[in-house]
Amino acid sequence: MGLSFNYKTKELYIADAYYGLVKVPYDGGAATQLVSNVLGNPFGFLAGADVDPNTGIVYFTEASYYHKIRDLRNLLNSRDIFSGSLFRYNPTTKVTTLLLRNLAMATGVAVSSNGSFVLVSEYKANRIRRFWLTGPNAYTSDIFLWLPGRPDNIKRTSKNEFWVAVNYPFGSPPPPVPPVLPLGLRINEQGLILEAVPLVEGFGTGSVSEVHEAEGKLYATSLRDSYVNILTA
């Protein structure tokens with residue numbers, strides 16, 4: 001579900017919905033399973049991953065403890081609201097730590113540029129939560145941003161901003177309301193929305209999983225589609 005690249009070691013970390021946290025070596029080949037459970041409790045399904053570019057620490061999310069990805073539709077329609085979690089994996093010590101639990105379907109995750117906090121999107125709560133890693137608020141969390149729809153993946157940019165994919169809470173809007181979601185939101189580290197990019201033309205009113213910025217382009221993808229929509233950033 002979630003991918004993140006360690007640019008120092010050239011390794012790719014994957015939050016795999018079935019196999020847990022896995023790693024692909026710099027020269028490719030078979031993935032190595034790193035974590036499949038925490039304290040003996042197997043994951044429901046993992047959703048997001050992000051590598052701290054300074055430390056190599058990996059942060060990853062579990063969308064639900066009780067549901068598997070094959071039950072995604074049931075999860076979206078269920079009362080399983082707060083069984084998501086945020087984890088930290090240290091590649092040096094190989095220790096996995098539970099940082100946050102009782103999250104409302106934790107999907108995307110992104111660490112700040114200086115490693116002081118981690119953002120987690122709570123899909124079923126229409127919000128992004130901030131977990132502090134350093135400073136006087138370390139190991140506490142607060143609401144970073146409320147959103148007009150359901151947030152999926154969050155991706156950090158080279159400018160130390162973030163892109164988040166936002167979708168309709170309950171499917172397509174009834175006519176004659178014009179569709180405005182899905183869209184990509186560019187936000188800064190203070191929680192201010194800097195830009196909104198409509199994605200209706202490329203995806204209709206279906207869901208968008210991720211918006212990623214690279215070399216002046218925006219790449220938008222969907223879990224249910226087999227193509228990538230490319231826009232000018």
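Taking full-length UniProt numbering, the leading residue of the sequence shown gets 1, the next gets one more, and so forth.
Yeah, the Cβ is synthetic: ideal placement off N, Cα and C, and Gly gets one too.
Give me whichever residues DSSP pairs with residue i in a beta bridge.
i, result
"arginine 127", "Glu122, Trp146"
"phenylalanine 45", "Ser64"
"tyrosine 219", "His212, Ile230"
"valine 180", "Paired residue(s): none; valine 180 is not in a bridge."
"tyrosine 13", "Ser4, Lys23"
"proline 151", "Val166"
"serine 158", "DSSP, once it has assigned bridges, lists no residue as partnering serine 158."
Quick check on residue i: does DSSP put it in helix, strand or coil?
i, result
"phenylalanine 203", "helix"
"tyrosine 59", "strand"
"proline 91", "coil"
"glutamine 33", "strand"
"proline 53", "coil"
"alanine 196", "strand"
"alanine 138", "coil"
"arginine 101", "strand"
"glycine 28", "coil"
Beta-carbon separation of residue i and residue j under 8 Å?
i, j, result
"valine 109", "alanine 31", "no"
"valine 166", "leucine 147", "yes"
"serine 113", "asparagine 188", "no"
"leucine 218", "valine 200", "no"
"proline 91", "valine 58", "yes"
"proline 179", "serine 207", "no"
"serine 222", "asparagine 153", "no"
"glycine 56", "lysine 8", "yes"
"serine 158", "threonine 134", "no"
If residue i and residue j are in contact, beta carbons under 8 Å, what's the gap, nearest whole angstrom?
i, j, result
"leucine 150", "serine 141", "Before going on, a small fix: residue 150 reads as arginine here, not leucine. So it is not a contact: roughly 19 Å between Cβ atoms."
"tyrosine 66", "glycine 84", "Actually they are not in contact, since the Cβ atoms of tyrosine 66 and glycine 84 sit about 10 Å apart, beyond 8 Å."
"leucine 103", "phenylalanine 87", "Leucine 103 to phenylalanine 87, Cβ: 11 Å. No contact."
"leucine 34", "leucine 21", "5 Å"
"leucine 145", "arginine 127", "7 Å"
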